[in-house]
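**Q**
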């Protein structure tokens with residue numbers, strides 16, 4: 007299905023592509039094979055990191071590759087308080103404060119990850 011692919015980054019090997027996805031059905035980061043598009047790895051849960059805040063995966067950039075020392079992937083999120091009306095609005099007045107949302111920045115340590123599906127943990 008359509009997961010709302012947003013941004014992509016090809017890792018240093020050139021074999022894998024990380025794709026940010028924002029739709030409810032596939033929100034998170036997904037690593038696919040460059041040649042085939044086969045899904046290999048997903049990081050999910052970033053949309054639920056903050057309570058009452060849908061922080062969806064947006065901009066990404068990194069260095070290195072999965073399992074290699076010194077490899078990282080940065081993820082910037084966009085956010086909204088409800089998925090019923092979610093748009094990249096300026097979260098300031100005149101938008102009512104109860105609708106303001108918080109974007110989150112994550113830095114993933116790719117060196118510590120293995121090729122299995124991951125779930126982000128709310129701390």
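Residue numbers (the working numbering): 7 to 129.
Don't be surprised by glycine CBs; every beta carbon is placed ideally from N, CA and C.
So, using beta-carbon positions, are residue 77 and residue 116 closer together than 7 Å?
**A** Position 71 of the chain shown, counting from 1, holds the residue named residue 77. Position 110 of the chain shown, counting from 1, holds the residue named residue 116. Contact annotation: residue 77 and residue 116 have beta-carbon atoms nearer than 7 Å.
**Q** Measuring straight from C-alpha to C-alpha, what distance separates residue 83 and residue 111?
**A** Position 77 of the chain shown holds residue 83. Position 105 of the chain shown holds residue 111. Roughly 6 Å separates the two Cα atoms.
**Q** Use the C-beta contact count for residue 40: other C-beta atoms within 10 angstroms, 16 or more gives buried, fewer gives exposed.
**A** Walking along the chain shown from the start, residue 40 turns up at place 34. It counts as exposed.
**Q** If you count every other CB in all the chains shown that lies within 10 Å of the CB of residue 53, and 16 or more means buried, which is it?
**A** Within the chain shown, the letter at position 47 stands for residue 53. Looking at its Cβ environment, which holds 16 or more other Cβ atoms inside 10 Å, residue 53 is buried.
**Q** Which class does residue 84 belong to by DSSP, given the choice of helix, strand or coil?
**A** On the chain shown, residue 84 is found 78 positions in, with the first residue counted as 1. If DSSP states are grouped into helix, strand and coil, residue 84 belongs with the strands.
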